[in-house]
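Undergrad: The opening residue of the sequence shown carries number 6 in our numbering; numbering runs sequentially from there. Have a look at the structure that comes next, please.
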Amino acid sequence: MEHWIRVEPNVKIYVNDINPRGSKTILFIHGWPANHQMFEYQYNQLVPQGYRCIGLDMRGFGKSDKPLGRYDYNRLADDIRCVIGALGLSNITLGGHSTGGAVAIRYMARHKGYGVSKLALFASAAPSLIQRPGFPYGTTREVIEQIIKSTYEDRPKMLQDFGNIFFYHQVSPAFSDWFFLLGLEAASWSTIAVSEAWLQEELFLDLPQIHVPTLILHGIHDQVCLYPLAEAQHQGIRNSVLIPFENSGHGLFYDERERFNRELSRFAQ
6 MEHWIRVEPN VKIYVNDINP RGSKTILFIH GWPANHQMFE YQYNQLVPQG YRCIGLDMRG
66 FGKSDKPLGR YDYNRLADDI RCVIGALGLS NITLGGHSTG GAVAIRYMAR HKGYGVSKLA
126 LFASAAPSLI QRPGFPYGTT REVIEQIIKS TYEDRPKMLQ DFGNIFFYHQ VSPAFSDWFF
186 LLGLEAASWS TIAVSEAWLQ EELFLDLPQI HVPTLILHGI HDQVCLYPLA EAQHQGIRNS
246 VLIPFENSGH GLFYDERERF NRELSRFAQ
């Protein structure tokens, strides 16, 4: 079932609600620069198990509207609140990958976890994607600035280069093309705006405000959100469990999809 949910007077968010009568609900928040379709290898296994899987496209990405303006974590978290309210969701597992995980953390702090009973973080860009004073574990500001510069100059090449470091295991050329096309569905300005948000956003004060069971899944070979970020999340979130994926990079949802789906299903039961 497809929905376009109004979050502002002229902005609608696309939501793909799969198996609405499922007994347990997982709301998936995708990472940059893709959309909800990146989780198809989760939908294919979790839906037959009886889960209701809801994938939304963040504003600026996939089938959602692509306005100019704000793409900070507060705005993106507010969009999630609108979706949860519009669909009347409660007692759900909120799962987010990379930037989607960071936005999910902001949602839990900003909206006091409304409707959410469990949080799942996949290779999340938290508590800071970049290195900061007292936090040397992220990537460098220069790397992000180069991504922004490359997006302005040659967005398809930037997406291709990003895809080349995304997965730990080699994927087929056809899969690589498919993943590349997910990034092209985004607007260039939203792709840039979220990249710029990485330079500003910090989640150090958000982590202690999470009071639900939290599952942290992270590939130890992640070249985008380095593994020490997962350890910082685990340290900052009470009642969290960290499971390292020894044979995964940033795309652990595909690198080790059988194990990923098994751990997520066990947690969301």
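Think of the CB as a built atom: it goes at the ideal place given N, C-alpha and C, for glycine as much as any other residue.
For residue 98, which of helix, strand or coil comes out of DSSP?
TA: Here residue 98 sits in strand by DSSP.
Undergrad: Enumerated in chain order, which unbroken segments of the beta strand (DSSP E) with a length of 3 residues or greater are wholly contained in the region 174-209?
TA: Those beta strand (DSSP E) runs which fall completely within the region 174-209 and span 3+ residues do not exist here.
Undergrad: Are there 16 or more other CB atoms within 10 angstroms of the CB of residue 6, so buried, or fewer, so exposed?
TA: By the neighbour-count rule (16 or more Cβ atoms within 10 Å), residue 6 is not buried but exposed.
Undergrad: Considering only C-alpha positions, which residue in the set 180, 224, 260 and 55 is nearest to residue 26?
TA: Closest by alpha carbon: 55.
Undergrad: State the beta-bridge partners of residue 125 as determined by DSSP.
TA: In DSSP, residue 125 forms a bridge with 100 and 220.
Undergrad: Cβ of residue 60 within 9 Å of Cβ of residue 89?
TA: No; because the gap between Cβ atoms is not below 9 Å, this pair is not in contact.
Undergrad: Which partner residues of residue 249 appear in the DSSP bridge assignment?
TA: Answer is 223, bridged to residue 249.
Undergrad: Mind checking residue 1: buried by the 16 CB within 10 Å criterion, or exposed?
TA: Coverage of the chain is limited to positions 6 through 274, which leaves residue 1 absent and any answer about it impossible.
Undergrad: Are residue 243 and residue 226 closer than 9 Å when you measure CB to CB?
TA: No; because the gap between Cβ atoms is not below 9 Å, this pair is not in contact.
Undergrad: Taking the alpha helix (DSSP H) that residue 90 falls in, what are its first and last residues?
TA: Taken as a continuous stretch (DSSP letters only), the alpha helix (DSSP H) holding residue 90 covers 78-92.
Undergrad: Just mark residue 92 as buried or exposed, buried being the case when its beta carbon has 16 or more other beta carbons within 10 Å.
TA: Residue 92 comes out buried.
Undergrad: Residue 156 by DSSP, collapsed to three states: which one?
TA: DSSP places residue 156 in helix when its eight states are reduced to three.
Undergrad: Count the other C-beta atoms from every protein chain shown that fall within 10 angstroms of the C-beta of residue 30, then say buried if there are 16 or more, exposed otherwise.
TA: It counts as buried.
Undergrad: Taking only the alpha-carbon atoms, compute the straight-line gap between residue 263 and residue 201 and give it to the nearest angstrom.
TA: Each residue's alpha carbon lies about 34 Å from the other.
Undergrad: My parser needs the beta strand (DSSP E) runs of 3 or more residues fully inside the region 18-55; what are they?
TA: Entirely contained in the region 18-55, the beta strand (DSSP E) runs reaching 3 residues are, in chain order, 29-34.
Undergrad: Answer yes or no: do residue 78 and residue 236 have a C-beta to C-beta separation smaller than 9 Å?
TA: Taking 9 Å as the Cβ cut-off, residue 78 and residue 236 do not qualify as a contacting pair.
Undergrad: Could you give the distance in angstroms between the alpha-carbon of residue 219 and the alpha-carbon of residue 110?
TA: Approximately 10 Å between the Cα atoms of the pair.
Undergrad: Does DSSP classify residue 116 as helix, strand or coil?
TA: In the structure shown, residue 116 sits in coil (DSSP, three-state: anything other than H, G, I, E or B).
Undergrad: Looking only at DSSP bridge pairs, what is residue 60 linked to?
TA: Its beta-bridge partners are 21 and 33.
Undergrad: If I follow the unbroken beta strand (DSSP E) through residue 8, where does it start and stop?
TA: Run containing residue 8: 7-13, per the beta strand (DSSP E) assignment.
Undergrad: So who's on the other strand from residue 135, going by DSSP bridges?
TA: In DSSP, residue 135 forms a bridge with 144.
Undergrad: Count the other CB atoms, across all protein chains shown, that sit within 10 Å of the CB of residue 180; report buried if there are 16 or more and exposed otherwise.
TA: Result: exposed.
Undergrad: Around the C-beta of residue 37, are 16 or more other C-beta atoms found within 10 angstroms, so that it is buried, or is it exposed?
TA: Per the 10 Å Cβ criterion, buried.
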